[in-house]
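Written out below as structure tokens is the structure these notes cover.
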Amino acid sequence: MCLIAFAQRGCLNLFAVIALAGPPCLVGQVSEGNPPADLAIKNATVMTVTHGTIDHATVWIHNGKIAGVGTSVDSPASATVVDANGKYVTPGIIDPHSHSALGDDVNEATSPVTPSMMMIDAFDNTDKALYQALAGGVTTELLLHGSANMIGGQAVVIKNKFGLSRDQMLFPNAPRSIKFASGENPKRVYGRRNELPSTRMGNFEVMRQAFEDAKAYMASWDAYNTKVAAGDKEAVAPKKDLKLEALADVLRGKMYVQIHCYRADEFLTEEAIAKEYGYKVRAFHHALEMYKVGDKIAPTGTGIATFADWWGFKDEAWDAIPWNAVMSMREGVRVALKSDSNDYVRRLNQEAGKMIQYGGATEEEALKMITLNAAWIIGVDDRVGSIDVGKDADIVIWNADPLSTYARAEKVYVDGDLFFDSSLPGLGTTHFHGVMHDAGFSGADDEVGDGQ
Amino acid sequence: MNQRVTLAGFLWLCFSLSQTSLAQTGPNNTDTTPAGTIAIIGGKLLTITHGTIENGVVVMSAGKIIAVGPAASTNVPKDAHIFDAKGMTVYPGLFDAETRLGLTEVEADANSNDLIETSDEIMPHMHVADAFHAESVRIPVARLNGITNAIVAPASEDSIAGQDAAIQLYGRDRDAMLIRRDIALAMNFDGSVRRKGSDDGSSKFPTTRMGLASQIRQAFLDAQSYEAEMQAAAKPDHKGNPPKRDLKLEALLPYLKGEKPVVLGATEGYEVEVAMEIAKEFKLKVILNHVTHAQNILDEIASYHVPVIVGPIYDAPLPSERYDAVYSLPAELQKRGVKIAFSSLGGSGDNRNLPYAAGYSVAYGLPYDEALKAITLNPAEMFGFGDSLGSLDVGKTANVVIANGDPLDVRTSVKQVFINGEAIPMVSRQTQLRDQYMPLTDNKKN
Chain P
1 MCLIAFAQRG CLNLFAVIAL AGPPCLVGQV SEGNPPADLA IKNATVMTVT
51 HGTIDHATVW IHNGKIAGVG TSVDSPASAT VVDANGKYVT PGIIDPHSHS
101 ALGDDVNEAT SPVTPSMMMI DAFDNTDKAL YQALAGGVTT ELLLHGSANM
151 IGGQAVVIKN KFGLSRDQML FPNAPRSIKF ASGENPKRVY GRRNELPSTR
201 MGNFEVMRQA FEDAKAYMAS WDAYNTKVAA GDKEAVAPKK DLKLEALADV
251 LRGKMYVQIH CYRADEFLTE EAIAKEYGYK VRAFHHALEM YKVGDKIAPT
301 GTGIATFADW WGFKDEAWDA IPWNAVMSMR EGVRVALKSD SNDYVRRLNQ
351 EAGKMIQYGG ATEEEALKMI TLNAAWIIGV DDRVGSIDVG KDADIVIWNA
401 DPLSTYARAE KVYVDGDLFF DSSLPGLGTT HFHGVMHDAG FSGADDEVGD
451 GQ
Chain W
453 MNQRVTLAGF LWLCFSLSQT SLAQTGPNNT DTTPAGTIAI IGGKLLTITH
503 GTIENGVVVM SAGKIIAVGP AASTNVPKDA HIFDAKGMTV YPGLFDAETR
553 LGLTEVEADA NSNDLIETSD EIMPHMHVAD AFHAESVRIP VARLNGITNA
603 IVAPASEDSI AGQDAAIQLY GRDRDAMLIR RDIALAMNFD GSVRRKGSDD
653 GSSKFPTTRM GLASQIRQAF LDAQSYEAEM QAAAKPDHKG NPPKRDLKLE
703 ALLPYLKGEK PVVLGATEGY EVEVAMEIAK EFKLKVILNH VTHAQNILDE
753 IASYHVPVIV GPIYDAPLPS ERYDAVYSLP AELQKRGVKI AFSSLGGSGD
803 NRNLPYAAGY SVAYGLPYDE ALKAITLNPA EMFGFGDSLG SLDVGKTANV
853 VIANGDPLDV RTSVKQVFIN GEAIPMVSRQ TQLRDQYMPL TDNKKN
């Protein structure tokens, strides 16, 4: 029970208990020194995402939060000043679809329905992929189960405080997300074992059956609770079932549903099933054919997390076009870009830059796809994803326009603390001094790590 | 009178061409009439060989560049179609030093793949020209981003994978697009060639790098013996039947004689060293390829005096390496005088992203002009096209690109591509899908 109900909030509570009980000796890497209470990044070109780009601006950070932004910010005289003359400043980049730091544990490909898998149980915080992403300006990632299963596992949301402990890297109080999949991967994984599903018909029927099972489970608990409420001392509690509890939480609307889905017809089927069972789809991931039905999906409020220009690697990616993101956006869909890759996560800014080429996005629209809209998909857009007063001070200083080919992340702050500085010798990390793991490159991909 | 076409009129031009030949709107050219004279005026020319010319003119006729220079001193023929490239950048078509174009369509669909024979590691008698699918949907997608020439190579899972072909990315059929067959021998020396742990099991030789190296040496020794045998049999006093022709060993002979280059793939420093030892033993003419994790032997690589196609700069650094160890490799090699080229392999392997790898290397220290050269003139020279491709020079094949900005920047859109002096239709299966569904976007805007 607690395994499901806790999600990552529970783990933070656990950490708090340990911290109260004694020194946090379980923590592997300890941050040296506290970040300054006040930090002022001055003279920068600040791309706020929500209220335009401001030249010669200051970003004032106070106790890990953004306390002021603009050309007339009164940061205190005691503030540590970073002169960013000629530099660009953006919010930290957010990747709403990653399998980094999960090693070979991306897919529990032994059943098409595995909703009680908790990705946090596989999270390896010393994976070099996190470091390399940090050096690319990435400060928040949604680490998802793979796409072997129609209903996969529950995601973990991290802040890329590379060098800190597993618990310290969790995004505090982030909503719970669960990964669903559809299309070729589930049918291939199970079909070649001559198991259900081996077709799209089978795929969706497996899902419907799972929700029927969950409804029956919920009904049995409702009946039991009704009896208890009526004073029935003979009532026998139904057996707790981790898998059905998780599905029940989907039906109760307690989890964001993130669906791996490529084809236009499947977006429509998924939305119809969600409507039938009364849950909401948060986002379609990959979503390479959204441009075909964006006008129909837009009213549902479902977003997408898509590739900039990937195509043709499989049949269901054959109709992918690089104009998908911008066309879908113009059709009214909330669009984010994502990596699904330990490689592309390092240069999501360039992937966003391509949106200017393919469809003529503005710089702000393009940047929003890898910041605020990505944050919305994860459900943390009230905390990160733009440079606004009150938000977490997750900030990147770039040498050049971040949407150009020539941009390098020079300094990356998370919660106002400097985690990466390219001017430092060695790795450029400020908190990491240990030995990195290689949690796996090939396995960290929906397409490769599907249980083959 | 000049027929003047502004950039806004490009679509109109394509339309007018399509009236003369309907198939012009599709990806393949079935029009056999030669292109007329075309002049691109007003653009910023990146010539590669003689600097940048603001407000320059390029004139193309009969498939060749016939004039390049500043507007003030370059004559525009009266009968020329004019492309007004004011505010635009004009540069030579890009040359991708290694692709799988025409060997694969949908990667996950085995039936569409002719990438590599894995039944044996020594396959020099495989000719990619025999499998090259000129009508691949991928070719128009790549050329719309300014890629006009490419090397097509088999995948790299064999020690000797086969013989590459050079292609032009436009033409009516494979004969027109294959500009040189069997241009180079594709060789590889890295761990991925080993059949360890594969479905075949591990009992078949070779399962180690020692095995791979000895197998390569034996293949070249066998070819040398074969040649000696053939030469002996060719003598007038030879008695008996001539030996049976061996296609496999025969295929190695031009490379043993140094007549053509061997494209030698090796990823890590020690692999490069072993591969180069073998190459020296047999006096092979080498282009190093896939060099990625060789930061420890940069000076040694420079001392080989061979050109290098750098490995994917997007390859992940090793856990012990700084995040930019691979990004900066092209700059480190170029600094040491090595002639470098990029290929589009790595990343998603999408050919159209070739210029962005070069641009990213600029962010990590490679001089801009060298980056541009590494996707134009350098690969052209490496493969023997220095006189015909890779720069805006009189006499060269008229492969020219007009874009609305810096070709290495991800934000730049290519507006028109010319191949063999022809304004190609800016149409691919992807633009067709875009245009088919664009009304949904337009309706929303209204």
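Protein chains in written order, with our numbering: chain P, 1 to 452; chain W, 453 to 898. Think of the CB as a built atom: it goes at the ideal place given N, C-alpha and C, for glycine as much as any other residue. All values derive from a computational prediction rather than experimental measurement.
Item checked: Chain-ordered neighbours of W323 (chain P) on chain W, where CB pairs are closer than 7 Å -> Residue numbering aside, residue 323 (chain P) sits at position 323 when the first sequence is read from its first letter. What W323 (chain P) touches in chain W: R886.
Next item on the list: Please confirm if G614 (chain W) has its CB atom under 8 Å from at least one CB of chain P.
Entry: Translated into positions along the second sequence, residue 614 (chain W) becomes position 162. It does not; no Cβ of chain P falls within 8 Å.
Notebook entry, point to check: Can you tell me the Cα-Cα spacing of V593 (chain W) and A40 (chain P), whole angstroms?
Noted result: The count along the second sequence starts at 1 and reaches residue 593 (chain W) at position 141. The count along the first sequence starts at 1 and reaches residue 40 (chain P) at position 40. The straight-line gap from Cα to Cα measures roughly 46 Å.
Notebook entry, point to check: Going by beta carbon distance, what residues of the same chain come within less than 6 Å of A487 (chain W), once the five residues before and after it are set aside?
Noted result: Taking the second sequence and counting its residues from 1, one reaches residue 487 (chain W) at position 35. Excluding residues within five positions, the ones whose Cβ falls inside 6 Å are G873, E874.
Next item on the list: Following the continuous beta strand (DSSP E) through E833 (chain W), name the residue where it begins and the one where it ends.
Entry: Within the second sequence, the letter at position 381 stands for residue 833 (chain W). Counting along the chain, E833 (chain W) falls outside any beta strand (DSSP E), though it belongs to the alpha helix (DSSP H) covering 829-834.
Check: Considering only C-alpha positions, which residue in the set W:S644, W:H742, W:T828 is nearest to T433 (chain W)?
Finding: With chain W covering 453 to 898 only, the question about residue 433 (chain W) has no answer from this structure.
Next item on the list: With 7 Å as the limit, tell me which residues of the segment 544-577 of chain W have their beta carbon closer than that to any beta carbon of chain P; keep them in chain order.
Entry: V558, E559, A560, D561
Margin query: For S72 (chain P), count the other beta carbons within 10 Å of its own beta carbon; 16 or more makes it buried, fewer makes it exposed. Which is it?
Written below: Here residue 72 (chain P) corresponds to residue number 72 of the first sequence, with the count starting at 1. The residue is exposed, with fewer than 16 neighbouring Cβ atoms inside 10 Å.
Check: How many angstroms separate the CA atom of A777 (chain W) from the CA atom of P769 (chain W)?
Finding: Translated into the one-based positions of the second sequence, residue 777 (chain W) becomes position 325. Translated into the one-based positions of the second sequence, residue 769 (chain W) becomes position 317. Looking at the two C-alpha atoms, the distance is approximately 6 Å.
Next item on the list: Could you tell me whether the segment 568-578 of chain W touches the segment 883-893 of chain W, using the rule of 3 or more Cβ pairs below 8 Å?
Entry: Put simply, the segment 568-578 of chain W does not touch the segment 883-893 of chain W. Fewer than three CB pairs are less than 8 Å apart.
Check: At a CB-CB cut-off below 9 Å, which residues of chain P make contact with V814 (chain W)?
Finding: The count along the second sequence starts at 1 and reaches residue 814 (chain W) at position 362. Result: T405, Y406.
Notebook entry, point to check: Helix, strand or coil: how does DSSP classify N872 (chain W) here?
Noted result: For the purposes of this step, residue 872 (chain W) is taken as residue 420 along the second sequence, with counting starting at 1. Looking at N872 (chain W) - three-state DSSP - the assignment turns out to be coil, as it is neither helix nor strand.
Notebook entry, point to check: What separation, rounded to the nearest whole angstrom, lies between the Cα atoms of T744 (chain W) and L630 (chain W)?
Noted result: Counting from one through the second sequence, the residue named residue 744 (chain W) turns up at place 292. Counting from one through the second sequence, the residue named residue 630 (chain W) turns up at place 178. Straight-line Cα distance between these residues: approximately 29 Å.
Notebook entry, point to check: Going by DSSP, what residues sit across from H62 (chain P) in a beta bridge?
Noted result: Against the first sequence, residue 62 (chain P) aligns to sequence position 62. Looking at the DSSP assignment, H62 (chain P) forms a beta bridge with P:D38, P:K65.
Notebook entry, point to check: Under 8 Å between C-beta atoms, does F419 (chain P) make it to chain W?
Noted result: As a working note, residue 419 (chain P) is residue 419 in the first sequence. With 8 Å as the cut-off, F419 (chain P) does not count as an interface residue toward chain W.
Next item on the list: Let me know if M117 (chain P) comes out buried or exposed under the rule of 16 or more other beta-carbons within 10 Å of its beta-carbon.
Entry: If you number the first sequence from 1, residue 117 (chain P) lands on position 117. M117 (chain P) is buried by the Cβ-count criterion.
Next item on the list: Using a cut-off of 7 Å between C-beta atoms, extract the partners of S865 (chain W) located in chain P.
Entry: On the second sequence, residue 865 (chain W) is found 413 positions in, with the first residue counted as 1. Neighbours of S865 (chain W) on chain P, chain order: Q357.
Next item on the list: Output yes or no for whether 8 Å exceeds the beta carbon distance between P112 (chain P) and A336 (chain P).
Entry: The count along the first sequence starts at 1 and reaches residue 112 (chain P) at position 112. The count along the first sequence starts at 1 and reaches residue 336 (chain P) at position 336. The answer is no: Cβ separation not under 8 Å.
Notebook entry, point to check: Can you find a heavy atom of the ligand SAM that lies under 7 Å from the Cβ of S608 (chain W)?
Noted result: Annotation note on the ligand SAM: not contained in the displayed structure, which lists no ligands.
Margin query: Tell me the DSSP secondary structure of G451 (chain P) in three-state form.
Written below: Counted from its first residue, the first sequence places residue 451 (chain P) at position 451. Here G451 (chain P) scores only 32 on pLDDT, less than 50, and its place in the model should not be relied on; the value that follows carries that caveat. If DSSP states are grouped into helix, strand and coil, G451 (chain P) belongs with coil.
Margin query: Here's the rule I'm using: 16 or more other beta-carbon atoms within 10 Å means buried, otherwise exposed. How should A21 (chain P) be labelled?
Written below: Locating residue 21 (chain P) in the first sequence gives position 21, counting from the first residue. With a pLDDT of 37 at A21 (chain P), under the threshold of 50, the modelled position of that residue is not reliable, and no figure is offered here.
Next item on the list: Output the residue ranges of the alpha helix (DSSP H) runs that lie fully inside the segment 254-338 of chain P and measure 4 residues or longer, sorted by chain position.
Entry: 264-277, 290-297, 324-330
Item checked: 6 Å CB neighbourhood of A7 (chain P) in its chain, flanking five on each side removed -> For the purposes of this step, residue 7 (chain P) is identified with residue 7 of the first sequence, where counting begins at 1. Because A7 (chain P) carries a pLDDT of 36, less than 50, the predicted location of this residue cannot be relied on, and no value is offered for it.
Next item on the list: Please report the Cβ distance between F657 (chain W) and G663 (chain W), rounded to the nearest whole angstrom; I am assuming they are in contact, meaning their Cβ atoms lie under 8 Å.
Entry: Within the second sequence, numbered from 1, the residue matching residue 657 (chain W) stands at position 205. Within the second sequence, numbered from 1, the residue matching residue 663 (chain W) stands at position 211. 6 Å between Cβ atoms; contact.
Next item on the list: Go through its chain and collect everything with a Cβ distance to I505 (chain W)'s Cβ below 6 Å, but skip five positions before and after it.
Entry: Indexing the second sequence from 1 puts residue 505 (chain W) at position 53. These residues qualify, in order along the chain: L497, P522.
Note to self: If you reduce the DSSP assignment to three classes, tell me which class R633 (chain W) lands in.
What the structure shows: Within the second sequence, residue 633 (chain W) is the residue found at index 181, counting from 1. Reduced to three states, the DSSP call for R633 (chain W) is strand.
Checklist line | Under the three-state DSSP convention, the category E711 (chain W) falls into | finding: Along the second sequence, one-based indexing puts residue 711 (chain W) at 259. Looking at E711 (chain W) - three-state DSSP - the assignment turns out to be coil, as it is neither helix nor strand.
Check: Quick one: complete alpha helix (DSSP H) runs, 4+ long, within the segment 98-166 of chain P?
Finding: 128-134
Next item on the list: Would you list the one or two residues that DSSP bridges to E720 (chain W)?
Entry: Here residue 720 (chain W) refers to the residue found at position 268 when the second sequence is read from its first residue. E720 (chain W) is bridged to W:H745.
Next item on the list: List the residues of chain P whose Cβ lies closer than 8 Å to the Cβ of P769 (chain W), in chain order.
Entry: Start at 1 with the first residue of the second sequence, and residue 769 (chain W) comes out as number 317. Residues of chain P passing the Cβ test: K128, Q132.
Next item on the list: State the DSSP-derived secondary structure class of Y622 (chain W), mapped to helix, strand or coil.
Entry: One-based indexing of the second sequence puts residue 622 (chain W) at position 170. Y622 (chain W): coil per DSSP, three-state reduction.
Next item on the list: Between the Cα of T269 (chain P) and those of P:M255, P:Y256, P:G253, P:K296, spot the shortest distance and give me the residue it belongs to.
Entry: Counted from its first residue, the first sequence places residue 269 (chain P) at position 269. Of P:M255, P:Y256, P:G253, P:K296, the residue nearest in Cα terms is P:K296.
Next item on the list: Run down chain W in chain order and give the residues with a C-beta less than 8 Å from the C-beta of F313 (chain P).
Entry: As a working mapping, residue 313 (chain P) is identified with position 313 in the first sequence. Under the 8 Å cutoff, chain W gives V558, E559, A560, S800.
Next item on the list: Using a Cβ cut-off of 8 Å, pull out every chain P residue sitting near A590 (chain W), in sequence order please.
Entry: The sequence position of residue 590 (chain W) within the second sequence is 138, counting from 1. It should be pointed out that residue 590 (chain W) corresponds to Arg in this sequence rather than to Ala. What R590 (chain W) touches in chain P: G312.
Notebook entry, point to check: So is L621 (chain W) in contact with chain P if we call contact Cβ pairs under 8 Å?
Noted result: On the second sequence, residue 621 (chain W) is found 169 positions in, with the first residue counted as 1. Not one chain P Cβ lies under 8 Å of L621 (chain W).
Check: Short check: CB of I370 (chain P) to CB of K87 (chain P), under 8 Å?
Finding: Numbered from 1 along the first sequence, position 370 holds the residue referred to as residue 370 (chain P). Numbered from 1 along the first sequence, position 87 holds the residue referred to as residue 87 (chain P). Going by C-beta atoms, I370 (chain P) is not nearer than 8 Å to K87 (chain P).
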